[in-house]
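Visitor:
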Amino acid sequence: MRKILTVFLTICFLTGFSFSVLGGGLDNTDPRYPLREYRRFMLPNQMKVMLISDPTLQRGAASLTVGVGSMSDPAERFGLAHFLEHMLFLGTEKYPDEGSYQKFVSTHDGFSNAYTADDRTNYHFEVDPDFFEEGLERFSQFFLTPLFNQELVEREIKAVDSEHSKNIPNDYRRIFQVKRKAFEKGHPARHFATGTMETLEGVSREELLSFYNKHYSSNQMMLAVAGPQNLDTLQALVVPRFVAVKNRNLLEKRVSPKFMKRDPRFRLMRVKTIKDSRSLTLMFPLSRTLHYYKSQPLGMLGFLLGHEGQGSLLSLLKSANLATGLSAGGGASNKSFSSFDVKIQLTPKGLRNYSKVIRHVFQYLRLLRKTGLPRYVFDEVKQMSEIDYRFAEKPEGTSLVNVFSTLLMYYPMRTLEIDPYIITEFKPRIFDSLLYSLIPENMLAILAARDVKTTEKEEFYGVEYSLTYSHPKWINK
Ligand SMILES: [Zn+2]
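According to our numbering, the residues represented by the sequence shown are 1 to 477, in order.
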């Protein structure tokens, strides 16, 4: 016990944090912003709560993350989690009028929004601090008594459909979607997330309620609330409202980490873009890596591969007139799986000679395997992480609370404002094990440009693509 305490106090000392247990929670200040105070606690219904008090804040803001997203959509109902997110805004038992919440926030100098990701759904708003209490009262009702008014379903499906239509010309989204064609059949990571008129046709109130009752539970909710009020006042605003949210004792959602299995063949996806751009992305699927936050091996790998100086991969590609830019780092990341992505902007010559580019990447990876993770690289990246953390812009309003409600989902509550940012552990073995996963058998190459040859058409975005398999022997030559 004493040892644990010593370690804990050392961490506090090193990071300049001081903790004290007050009001049943854990309070501390942020040394970067002296007036900012944090309090974190768990409600009796196991909802995780983070309060941020700062007299300089101009807005009251709240963000609630629910640990369910589009990967939980039923296979025959793509877009249901997202559609529910839309419907949740449109009336509660206490405030049944569909437009009343939006009207309230906009009349009081605020705004509200929400989003659905693959593993979570987030709701947030900010408002004039004098009206924060009413804002929280209205916001909390979404998680207590939503109406899911059947009369609004048709109209809202049209709204979701038009949201999807607006996304159609977006190359980033197109590539994101078509990439899923290479994922394991039946894996939820293949789901189309937004939803359309077709996928949502005939959704009933009962269907929405059943999804809500199945997946919305206080023990899978993370709430962050910020305002100029002091911590005790914020706590008094939050606790009575959110303690009433039902705890269904749901298990944390996990899916198979194998969203793309190894394949002895080289997998190449050619994707036709709308814009005149040329890129090659090498995606390496990995199991969960979030828990390596203390040593950030993917950040280290990204730093080494994305390095731009002399002797770097990019300088080699540039000198051969194959590429104009390169970035590398963690891609997808959730509690079940992750990926490491290397994205290269190609020249016209690079597009024609993409196999040469791939060979150079693997030459560089072989070199890294010989050297391992040098201590000086670790020290440099660690130092950069500390500087970035120290001089990070001071977030406010919804951008402040959105970060915290997301971090509450992934990191230990006690130190979540530091953990994801500051590297503390040198773990060359973890680095090596990930480096050894970056092999042709564990890779999808995506070649995206306006003039690539394709054979197929993806059904939601109409993306033209082809997915081919070939022998990978040439890669390591
Ligand atoms: Zn939407």
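Here a beta-carbon is modelled for each residue, glycine too, at the ideal position from N, C-alpha and C.
Jot down the residue ranges of each uninterrupted alpha helix (DSSP H) in the region 140-185, minimum 4 residues, whole runs only, in chain order.
Guide: As far as the region 140-185 is concerned, its whole alpha helix (DSSP H) runs of at least 4 residues are 153-167, 171-179.
Visitor: For V342 and P169, I'd like the C-alpha separation in whole angstroms.
Guide: Going from the Cα of V342 to the Cα of P169 covers about 24 Å.
Visitor: So, is L232 buried or exposed, given that buried needs 16 or more other C-beta atoms within 10 angstroms?
Guide: A quick correction: the sequence has Asp, not Leu, at residue 232. So D232 ends up on the exposed side.
Visitor: Name, in chain order, the residues that DSSP records as bridge partners for A445.
Guide: According to DSSP, A445 bridges with L268, L282.
Visitor: Helix, strand or coil, according to DSSP, for L251 in the structure here?
Guide: If DSSP states are grouped into helix, strand and coil, L251 belongs with coil.
Visitor: For a test of your reading of the model: does the CB of V239 fall under 7 Å from any non-hydrogen atom of ligand 1? Yes or no.
Guide: For ligand 1, not one heavy atom lies less than 7 Å from the Cβ of V239.
Visitor: Check E223 in the structure and name its three-state DSSP category.
Guide: Position check: residue 223 holds Leu in this sequence, whereas Glu was assumed. Reduced to three states, the DSSP call for L223 is strand.
Visitor: With distance defined between alpha-carbon atoms, name the residue in V452, M42, P472 nearest to V238.
Guide: Checking every option, the nearest Cα to that of V238 belongs to M42.
Visitor: Can you give me the C-alpha to C-alpha distance between S140 and A114, rounded to a whole angstrom?
Guide: Approximately 14 Å, taken between the alpha carbons.
Visitor: Indicate whether N101 and P146 have their beta-carbon atoms separated by less than 8 Å.
Guide: The amino acid occupying residue 101 in the given sequence is Tyr; Asn does not appear at that position. Result no, Cβ atoms of Y101 and P146 do not sit closer than 8 Å.
Visitor: In three-state terms, what does DSSP make of R40?
Guide: Residue state, collapsed to three classes: strand.
Visitor: What do you get for G372, buried or exposed, if any count of 16 or more other CB atoms within 10 angstroms of its CB means buried?
Guide: When all chains shown are included, G372 counts as exposed.
Visitor: Identify whether Q363 lies in helix, strand or coil by the three-state DSSP scheme.
Guide: Three-state DSSP puts Q363 in a helix.
Visitor: Report yes if the C-beta distance between L305 and Y364 is below 8 Å; otherwise report no.
Guide: The answer is yes: Cβ separation under 8 Å.
Visitor: Determine the DSSP secondary structure at I430, reduced to helix, strand or coil.
Guide: Of the three classes helix, strand and coil, the one that applies to I430 here is helix, per DSSP.
Visitor: Which residue wins for smallest C-alpha separation from V66, given the options S217, Y465, I422?
Guide: Of the candidates S217, Y465, I422, the one whose C-alpha sits nearest the C-alpha of V66 is S217.
Visitor: Does the beta carbon of E184 fall short of 7 Å from some heavy atom of ligand 1?
Guide: No, since every heavy atom of ligand 1 falls outside the 7 Å radius drawn around the Cβ of E184.
Visitor: Between E126 and ligand 1, is the CB less than 7 Å from at least one heavy atom?
Guide: False, no ligand heavy atom lies under 7 Å from that Cβ.
Visitor: For the region 340-360 against the region 373-380, are there 3 or more C-beta pairs whose distance is under 8 Å?
Guide: Because the criterion of three Cβ pairs below 8 Å is not met, the region 340-360 and the region 373-380 do not touch.
Visitor: Can you tell me whether G306 is helix, strand or coil according to DSSP?
Guide: Helix.
Visitor: Excluding the 5 residues flanking A189 on each side, which residues of the same chain have their C-beta closer than 6 Å to its C-beta?
Guide: Taken in chain order, the residues that qualify are F183, F259.
Visitor: Please state whether DSSP places K48 in a helix, a strand or coil.
Guide: Looking at K48 - three-state DSSP - the assignment turns out to be strand.
Visitor: Going by DSSP, name the residue or residues bridged to D542.
Guide: Look at the range of the chain in this structure, 1 to 477, and you will see that residue 542 is not part of it.
Visitor: Can you tell which of N149, V361, S106, M222 has the C-alpha that lies nearest to the C-alpha of E98?
Guide: For E98, the nearest C-alpha among the options comes from N149.
Visitor: Can you give me the Cβ contacts of L444 inside the same chain, cut-off strictly under 6 Å, excluding the 5 residues immediately before and after it?
Guide: Cβ within range, chain order: A182, R267, M283.
Visitor: Judging by CA-CA distance, which residue of T121, L447, F83, E85 is the nearest neighbour of K253?
Guide: If we check each option's Cα against that of K253, T121 comes out closest.
Visitor: Can you find the residues in the same chain that come closer than 7 Å, C-beta to C-beta, to L407, ignoring five residues on each side of it along the sequence?
Guide: Here the set comprises L416, P420.
Visitor: Answer yes or no: the CB of V105 versus the heavy atoms of ligand 1, is any distance below 7 Å?
Guide: No.
Visitor: Spatial neighbours of E93 within its chain, please: C-beta separation below 6 Å, excluding the five flanking residues on both sides.
Guide: Correct list, in chain order: T145.
Visitor: If we call anything under 8 Å between Cβ atoms a contact, is K294 one with I423?
Guide: Yes; because the gap between Cβ atoms is below 8 Å, this pair is in contact.
Visitor: To the nearest angstrom, how far is it from the Cα of R40 to the Cα of L64?
Guide: Answer to the nearest angstrom: the Cα atoms are 14 Å apart.
Visitor: Are the C-beta atoms of L152 and some chain C residue less than 8 Å apart?
Guide: Given the protein chain composition of this structure (a single chain), no chain C is represented.
Visitor: Ignoring anything shorter than 3 residues or poking outside the region 57-124, list the beta strand (DSSP E) runs there in chain order.
Guide: If we require 3 residues or more, the beta strand (DSSP E) runs fully inside the region 57-124 come out as 60-66, 111-116.
Visitor: Count the other CB atoms within 10 Å of the CB of F404; is the residue buried (16 or more) or exposed (fewer)?
Guide: Buried, by the Cβ-count rule.
Visitor: Under 6 Å Cβ to Cβ from L400, same chain only, skipping five residues before and after it: list those, please.
Guide: A226.
Visitor: Using a 10 Å radius around the Cβ and a threshold of 16 neighbouring Cβ atoms, would you call S70 buried or exposed?
Guide: By the neighbour-count rule (16 or more Cβ atoms within 10 Å), S70 is buried.
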